[in-house]
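Those protein sequences? They're chains A, B and C, same order as listed.
Following the working numbering, the numbering of the first sequence begins with -5 at its first residue and continues without gaps.
Following the working numbering, the numbering of the second sequence begins with 14 at its first residue and continues without gaps.
Following the working numbering, the numbering of the third sequence begins with 6 at its first residue and continues without gaps.
Positions of the beta carbon are idealized from the N, C-alpha and C atoms, including for glycine.
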Amino acid sequence: MTPASIFKVAVTSEGPTLADFVDSRFGRAGGFVLVDLETMATTYVDNGSSQVLAQGAGIQAAENLVKAGAQALLTGHVGPKAWTALQAAGVKVVQGVENMTVDEAITRFKAGQFAVSDAPSH
Amino acid sequence: MRELVVISGKGGTGKTSLTAAFAHLARNAVLCDLDVDAPDLHLIAEPSIQRSGPFLSGHVAEIDPEACKGCGACEGVCAYGAIRKVDGRFVVDAPHCEGCKVCVVSCPEGAINFPDRLCGTWYESETRFGPMVHALLDPGLENSGKLVTLLKAKAREQASKFGLDLILSDGAPGIGCPVISSLSQASLVLLVTEPTPSGLHDLERVVELCRHFRIRSTVLINKADLSPEYQTAIHAFCDAKDIPVVGHLPHDPAVTEAMVRGQAVTEGIDTPFGAQVRRIWLNLQPLLEAPSSSFSKEIPS
Amino acid sequence: MIIAVASGKGGTGKTTVSASLVSVWKRPVLAVDMDVEEPNLHLFLKPESVSTEMAQLAVPLLDKERCTLCGACAELCQFKAISLLGKNLILFPDMCHGCGGCLRVCSEGALRKGQRELGVVETGITAVGIPCMTGRLRIGEAMSPPLMGKVRQRMRAIMGKEFRDVIIDAPPGVSCPAMTSVQDADVILLVTEPTPFGLHDLRLAWQAFRPFGKPMGVVINRAGLGDEKIQAFCSEKELPLLAEIPFRRDIAEHYAHGGVLACLDAGMRTLFENLAERVERLERMALMEVSHA
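What follows is the structure, encoded as structure tokens:
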């Protein structure tokens, strides 16, 4: 996968801006920063609708991402059901992204430093 | 951040007593009681509540008696027998309501509301062992694991807040949803068992659960002197499954005596049992330090 | 008569008490293990000729040809067992609660009933002819109540054919599974231990089960081990204390070898025979109160 073919990337985050830290969770993350890689314009996608669910938060989060038009996801880890949902939606997933800001995550992604996952972390 | 989750399959093997002792021995831990159905850790930890909040999960159907015309469409579609006729109108029996919404969408009058369901309360507290997060689920409710997940997230928040790097979680008995949720992101699971037919039988099931979810585990045989035969059987089982046995503890009244005093078994009075628990804690450290499962890592440029 | 043997706390001795009661019960009886996550009753009663029946939950199956991707099913599903992601409708059968809603709202007939394996119901008979039923949850299956529902159905089927009392070994706790197993009972026995954990969880159980309005009695196991606060609690709440099983090393060892406690010695046999009588009396008194009310 080349970063060049991906225009819209979602990063699970603790807040709405590029300066906020990556949230390592997917399903129960507070939200995603959706970044347009060409313009670096950002939109914040609230993930509250997933957090309130007793089960299936990862699936709801995947739906939220798809509705927002994300083509790739940068996050800490994704569970097996969310993984199935994301694969079905054709969203590329990069795991192991944590302990950095959203901005740093995007920079490293553009530089080709991340590998696309081929399996959920658990 | 490391998390040690203590589960057992079978109830009454000593999870809570041991977790309390570990909390006493650890210098840098957040305590987390994940047995939200029947929590007991607070009886030893004596938490002083700092914050609390309602735990909302799912929904429950409520029929507006004014709007109900008594057609019974709702009762006809309810898969759980949660709706019955009372004086010409229909009523939802909340404890049986699964929150599936089918009646809500089937009612021709739109007479059914679907509010959030209040299921319990969570607490963030301080104890002499460090910060503690715990909760109580209201009786009769589905223990879906969501409250467990919420508590684990809060434990991580507390750990960050106080600069601590270890979470000690006391799990629930069984192998259902709440136990499955407790395993998530655990660095190590400690399986506490006893050398009895039930202890071995339930250990087999909970080991299978850990393997199903690919979680690292180690076994502690408590009340080990009750049956040398079953002790041997448990060892054989652990060998066959390639699970290390971290140690044994004898059946000892010191556990109950400490509980009655409101202390962890390693606190207050020095006992041979307490010394053995200290040794077990030391034996756990290298197992806790070992790296847990890995996933796609960043490739350095 | 249906007797549920329950507790708030795990490991207090429900199975010990259930197995012993079954062994001394004078009338025809059916033993049922509703602790489907960790069933242990069979380890003590040792049923033979066990027949195993698979228990399943109806979950949706998709016919892609008929699906128009309208998303009505995904919109309704509260459990995220169906999700519409772009041009794909994905099913997650593990999440399904079996409500049947999606099947009802699909206007294209694109969903039909499939099955998810919940576990099994095992039925056998002990060496002395007592029928024994056990629910056993499949590992990885998260929900107990659907399988418990199947066990209850099988239990009712047997009760419909033969006149038997039922002794139910319930799961620990007071959440949904425990409530599901005691809801049919005529009498609820609460097994506890005289320790702070035992008392705390007994109180939780008493509060949780009270609304059922069934007579409740307490059995203290490992009596002498902790303190006297349980007795004080029972007295305060007017909860009859029906038996106290002493804390003895030989009892613990007998249990550790799979022995039924009522068979250990004459003293234990008498203890459980007395318990059985008191349970029957508790039920009779409750019935009399109702008829005089």
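Short Cβ contact (8 Å threshold) for residue i with residue j
i, j, result
"B:Ile20", "C:Glu42", "no"
"B:Lys159", "A:Ala48", "yes"
"B:Val273", "C:Asp206", "no"
"B:Asn235", "B:Leu262", "yes"
"C:Ile235", "C:Ile225", "yes"
"B:Val180", "B:Glu16", "Note on residue identity: the sequence assigns Ile, not Val, to residue 180 of chain B. Result yes, Cβ atoms of B:Ile180 and B:Glu16 sit closer than 8 Å."
"C:Glu53", "C:Ile163", "no"
"A:Thr37", "A:Arg19", "no"
"C:Ile8", "C:Leu194", "yes"
"C:Val196", "C:Ser12", "yes"
"B:Gly13", "C:Gln188", "Within the shown structure, residues of chain B are numbered from 14 to 314, placing residue 13 of chain B beyond reach of any answer."
"B:Ser240", "C:His262", "yes"
"A:Lys86", "A:Ile0", "yes"
"A:Ser44", "A:Gly21", "yes"
"B:His225", "C:Gly145", "yes"
"C:Cys181", "C:Pro150", "yes"
"C:Phe277", "C:Ala267", "yes"
"C:Val179", "B:Pro152", "yes"
Buried or exposed by the 16-neighbour rule on C-beta atoms within 10 Å, applied to residue i
i, result
"A:Met(-5)", "Residue placement at A:Met(-5) cannot be trusted, given a pLDDT of 45 that sits under 50; what the coordinates show is reported in the next sentence. Result: exposed."
"C:Lys14", "buried"
"C:Ser296", "exposed"
"C:His47", "buried"
"B:Glu155", "buried"
"C:Met221", "buried"
"B:Phe103", "buried"
"B:Ser173", "exposed"
"A:Thr101", "exposed"
"B:Ile312", "Reliability of the predicted coordinates at B:Ile312 is poor, the pLDDT of 24 falling under 50, and the value obtained from them is presented with this limitation in mind. The residue in question, B:Ile312, is exposed, as its Cβ has fewer than 16 Cβ neighbours within 10 Å."
"C:Met273", "buried"
"C:Leu280", "buried"
"B:Ser307", "Any answer about B:Ser307 is weak, because its pLDDT of 34 lies below 50 and its placement is not dependable; what the coordinates show is given next. It is exposed - the Cβ of B:Ser307 has fewer than 16 other Cβ atoms within 10 Å."
"B:Ile293", "buried"
"C:Arg254", "exposed"
"C:Val22", "buried"
"A:Gly84", "exposed"
"C:Thr185", "buried"
"B:Asp100", "exposed"
"B:Lys114", "buried"
Residue i: first and last residue of the uninterrupted alpha helix (DSSP H) it sits in
i, result
"B:Met145", "It is not in any alpha helix (DSSP H) - B:Met145 instead sits in the beta strand (DSSP E) that spans 143 to 150."
"B:Thr29", "28 to 38"
"C:Glu58", "Per DSSP, C:Glu58 belongs to no alpha helix (DSSP H); it is in the beta strand (DSSP E), 53 to 67."
"B:Val118", "115 to 119"
"A:Gly52", "51 to 62"
"C:Glu288", "271 to 297"
"B:Met272", "267 to 274"
"C:Ala11", "Here C:Ala11 belongs to no alpha helix (DSSP H); instead the beta strand (DSSP E) covers 7 to 11."
"B:Asp215", "210 to 225"
"C:Thr20", "19 to 29"
Unbroken beta strand (DSSP E) run spanning residue i, endpoints
i, result
"A:Thr117", "Because chain A is modelled from -5 through 116, residue 117 of chain A falls outside the range shown and cannot be assessed."
"C:Asn226", "221 to 228"
"B:Lys98", "96 to 99"
"B:Tyr136", "129 to 140"
"C:Val142", "Residue identity differs from the one stated: residue 142 of chain C is Leu in this sequence, not Val. Unbroken beta strand (DSSP E) run through C:Leu142: 136 to 142."
"C:Ala248", "246 to 251"
"B:Leu295", "First-last for B:Leu295: 285 to 302, but that is the alpha helix (DSSP H), not the beta strand (DSSP E)."
"B:Cys45", "42 to 46"
"B:Ile256", "Taken as a continuous stretch (DSSP letters only), B:Ile256 belongs to no beta strand (DSSP E), as it is neither H nor E."
"B:Gln63", "61 to 72"
"A:Val85", "A:Val85 -> no beta strand (DSSP E), and no H or E assigned at all."
Heavy atom of the ligand MN within 7 Å of residue i beta-carbon
i, result
"C:Cys111", "This structure lacks the ligand MN, and indeed carries no ligand of any kind."
Cβ contact (3+ pairs, closer than 8 Å) linking the segment 118 to 135 of chain C and the segment 52 to 67 of chain C: yes
Validate contact between the segment 53 to 72 of chain A and the segment 83 to 90 of chain C using beta carbons, cut 8 Å, 3 pairs: yes
Counting beta carbon pairs with one atom in the segment 20 to 35 of chain C and one in the segment 167 to 185 of chain C, are three or more of them shorter than 8 Å? yes
So, do the segment 62 to 77 of chain A and the segment 21 to 29 of chain A have three or more beta carbon pairs nearer to each other than 8 Å? yes
Given 8 Å as the limit, is there contact between the segment 76 to 91 of chain B and the segment 166 to 184 of chain B, that is, 3 or more CB pairs closer than that? Touching, no.
Length-filtered (4 minimum) alpha helix (DSSP H) runs lying within the segment 161 to 205 of chain B: The DSSP assignment places complete alpha helix (DSSP H) segments of no fewer than 4 residues inside the segment 161 to 205 of chain B at 190 to 196, in order along the chain.
Any 3 or more C-beta pairs closer than 8 Å across the segment 145 to 157 of chain B and the segment 42 to 53 of chain B: yes
Kindly provide the ranges of any alpha helix (DSSP H) runs that are 4 or more residues long and lie completely inside the segment 156 to 188 of chain C, ordered along the chain. 181 to 187
Cβ contact check for the segment 30 to 42 of chain B and the segment 271 to 289 of chain B: 3 or more pairs under 8 Å: yes
With a threshold of 8 Å, are at least 3 pairs of Cβ atoms found where one atom belongs to the segment 231 to 249 of chain B and the other to the segment 207 to 221 of chain B? yes
Using 8 Å as the threshold, is the segment 100 to 114 of chain C in touch with the segment 70 to 85 of chain C, meaning 3 or more CB pairs across them? yes
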